[in-house]
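The sequence shown begins at 131 in the numbering used here and counts up by one.
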Amino acid sequence: MDSRSDRGMDRGTDRGKDLRRAVVLGAGFAGMLTASVLARHAAEVVVVDRDRLPAGPLARPGLPQAHHGHLLMASGAESLEALLPGFTDSLTAAGARRLALPGDLLSLGPHGWLPRIREASHGWCLSRDLLDWIVRERVLADPAVRLEPGVHAEGLCGDARRVTGVRLRGDEWPDGHELAADLVVDATGRGSRAPRWLAGLGLPEVAEERVDCGLVYATLLVRPPDRAAGFPSVSIQTGPGAGPGRAGVIFPIEGGRWLVTLSGTRGVELPRDEPEFHAYARALPHPLIADLLSACRPLDRVRRYGNTADRRRRYDRCRRWPDGFAVVGDAVAHTNPAYGHGLSVAAGGVLALARTLERHGPDRAGVTGDIQRAVHRGTRAAWSLATAQDIHYPDVVGAHPTRADTLRARLADRLQAAAARADGTGGDADAILATLIRLGTLKAHPTALARPATLRALLHPPTPAPTPDPAPPLTPTEQSALPQAPHHTSPHP
Ligand SMILES: Cc1cc2nc3c(=O)[nH]c(=O)nc-3n(C[C@H](O)[C@H](O)[C@H](O)COP(=O)(O)OP(=O)(O)OC[C@H]3O[C@@H](n4cnc5c(N)ncnc54)[C@H](O)[C@@H]3O)c2cc1C
């Protein structure tokens, strides 16, 4: 890489591009999206990753979360479309499943099964390896972008005022190598060492927020029987405020396969093998996932993952920020994956970076500080949604519910109870359910709750429902996909 990279730095600025070289650390989701943006501003974009990236939608060691179900929310898909026009068509062409919400979701929560009324928002279900491959293939088609696999980022060059490059280590340079760059972007994910690197340049400690409810995931990739083709996604969860949380989700992904993910917060032991996996699914508040699972063929072993705390680095608050350096994706903020927001926040952050560079130009002094503040603004909604719930699980680390938090949780519970009564007739309950779904998919701002239907439900909560219907709202076709005697069912409106 030495000779090629030095040549790149010598050749001067390409016509119409302000930067000679930009370097992106991490060729994951946020890193490749960032490279596509920087290619508009830099003659050469070098993306380094510690992994040797596969030539296809395949697993790799640097992305352990890819074994687990990922739902790409509507807001994330919109950011992707803005960054890489035509991206939604690529998702469809690759076999990703578009889930209309709540219609394509059988969701059981504390107030019963969610009614499957008309679409309020949507999400995309596909394996994480396929999603990253679609992004990678598309971005690497740009001749300005070059991938350097098997290379570890180890630190920054420069001083507290300006980052001038990055220190790398790879097979070629076991003793390290410095690569000069006009702009370095850290997209190394939740293990990012940027705070330490900045301290190494003489900058003050970066403030960090952390809330940890101890969530652990266990996932099994399976092939369902043919009769279950087109079956909706399933989500069964106990929710916060009622002891340790337990949940199970079926993600229908490309190739007619399912990722079945079970999870539990601190105090719950997650399965390690198949027999334990089946037992855990059966102990959920409803046997639907366990019943479906019993007819599936496993395609992998049980995979576990536990680095799931809500964690946010407050780069936006740094009083001094060096030119020539920015941080995006999970390296800035990541939240409990059960809410499914990481990809959308990461894509939104890269879009914010793109717009800031477009507006101010990439070489203006202070532009990277502006980027950090714009990226931070995009983390707020997901952070509030996740931490507002996670603080109510037992033995949470990092925060404890105040009286105001408890009151907010009670109001949120009232709204969920009202939403569970949606019936497709267009009344208050339908409006509340649609708003909650739009909030959950980051398609609406919390101010969307300030509407008459919500206020009526908060001021005059519905009388407690009789025992929620224990039967999932299945269509007759879905019912026939179940392996055993059909459950007592309620009709899908
Ligand atoms: C179990 C689990 C389930 C999830 N489910 C969802 C979901 O349903 N929906 C959703 O939207 N989000 C979900 N997320 C969040 C999502 O995975 C992240 O938000 C997303 O991966 C962020 O992308 P990123 O590019 O910032 O980081 P990553 O995807 O982690 O990429 C980081 C890259 O940096 C490389 N790297 C790391 N260190 C170095 C180094 N020193 N030098 C060189 N390269 C390095 C890695 O190899 C990797 O390629 C989930 C997360 C977890 C853990």
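For every residue, glycine included, the Cβ atom is placed at its ideal position computed from N, Cα and C. Model, not experiment: these values are computed from the prediction.
- Where Arg-297 is concerned, the enclosing beta strand (DSSP E) starts and stops at 293-300.
- Contact check between the region 504-511 and the region 227-241: fewer than three CB pairs, one atom from each, fall below 8 Å, which does not count as touching.
- Distance from the C-beta of Phe-407 to the nearest heavy atom of ligand 1 is not below 7 Å.
- For Thr-349, the enclosing beta strand (DSSP E) stretches over residues 346-353.
- The straight-line gap separating the alpha-carbon atoms of Arg-441 and Arg-340 is approximately 4 Å.
- Judged by beta-carbon spacing, Ala-477 lies beyond the 8 Å limit of Asp-460, meaning their Cβ atoms are not closer than that value.
- Put simply, the region 197-204 touches the region 255-265. At least three CB pairs are less than 8 Å apart.
- His-464 is classed as buried because its beta carbon has at least 16 other beta carbons within 10 Å across all chains shown.
- As the crow flies, the alpha-carbon of Cys-448 is around 8 Å from that of Pro-334.
- If you check the C-beta of Phe-217 against ligand 1, you find no heavy atom less than 7 Å away.
- The Cβ neighbour count for Glu-174, taken over all protein chains shown within 10 Å, is at least 16; the residue is labelled buried.
- Look at Phe-159: its beta carbon is less than 7 Å from one of the heavy atoms in ligand 1.
- For Thr-391, the secondary structure class from DSSP, reduced to helix, strand or coil, is strand.
- For Gly-470, the shortest separation between its Cβ and any heavy atom of ligand 1 lies below 7 Å.
- Of the heavy atoms belonging to ligand 1, none sits nearer than 7 Å to the Cβ of Tyr-445.
- Its chain contains Ala-477, Gly-478, Leu-481 as the residues whose beta carbon lies nearer than 6 Å to that of Ser-209, once the 5 sequence neighbours on both sides are disregarded; these appear in chain order.
- As DSSP reads the structure, Gly-242 sits in a beta bridge with Gly-239.
- Per DSSP, the unbroken alpha helix (DSSP H) holding Ser-424 starts and ends at 418-424.
- By the criterion of at least three beta-carbon pairs nearer than 8 Å, the region 306-316 is in contact with the region 285-296.
- Excluding sequence positions up to five before and after Ala-359, its CB lies within less than 7 Å of the CB of Gly-386, all in the same chain and listed in chain order.
- Assigned with DSSP and collapsed to three states, Pro-405 falls in helix.
- The C-beta of Ser-514 has fewer than 16 other C-beta atoms within 10 Å across all chains shown, which makes the residue exposed.
- Per DSSP, reduced to three states, the secondary structure at Ser-205 is helical.
- As the crow flies, the alpha-carbon of Gln-195 is around 10 Å from that of Ala-189.
- Ranked by how close their Cα comes to the Cα of Asp-356, the residues Asp-316, Thr-318, Arg-427 have Arg-427 in first place.
- Per DSSP, Phe-361 is not a residue of any alpha helix (DSSP H), being assigned neither H nor E.
- Remark: fewer than three beta-carbon pairs, one from each stretch, lie closer than 8 Å, so the region 408-427 and the region 248-258 are not flagged as touching.
- For Ala-230, the uninterrupted beta strand (DSSP E) segment begins and ends at 227-231.
- Pairing Gly-371 with Ala-550, the inter-Cα distance amounts to about 18 Å.
- With a minimum length of 3 residues, the unbroken runs of beta strand (DSSP E) contained wholly in the region 263-336 fall at 275-279, 281-288, 293-300, 307-310, 313-316.
- Comparing alpha carbon positions, the residue from Leu-214, Ala-539, Thr-571, Asp-520 closest to Gly-472 is Thr-571.
- A direct Cα-to-Cα measurement between Ser-220 and Asp-525 gives close to 43 Å.
- When the five nearest sequence neighbours on each side are left out, the beta carbons in the same chain lying within less than 7 Å of the beta carbon of Gly-373 are those of Pro-524, in order along the chain.
- Non-local C-beta neighbours of Phe-381 in its own chain, meaning closer than 6 Å and more than five positions away in sequence, comprise Gly-199, Cys-255, Leu-389, ordered along the chain.
- Annotated as proximal: Arg-568 and Ser-251, with beta-carbon spacing under 8 Å.
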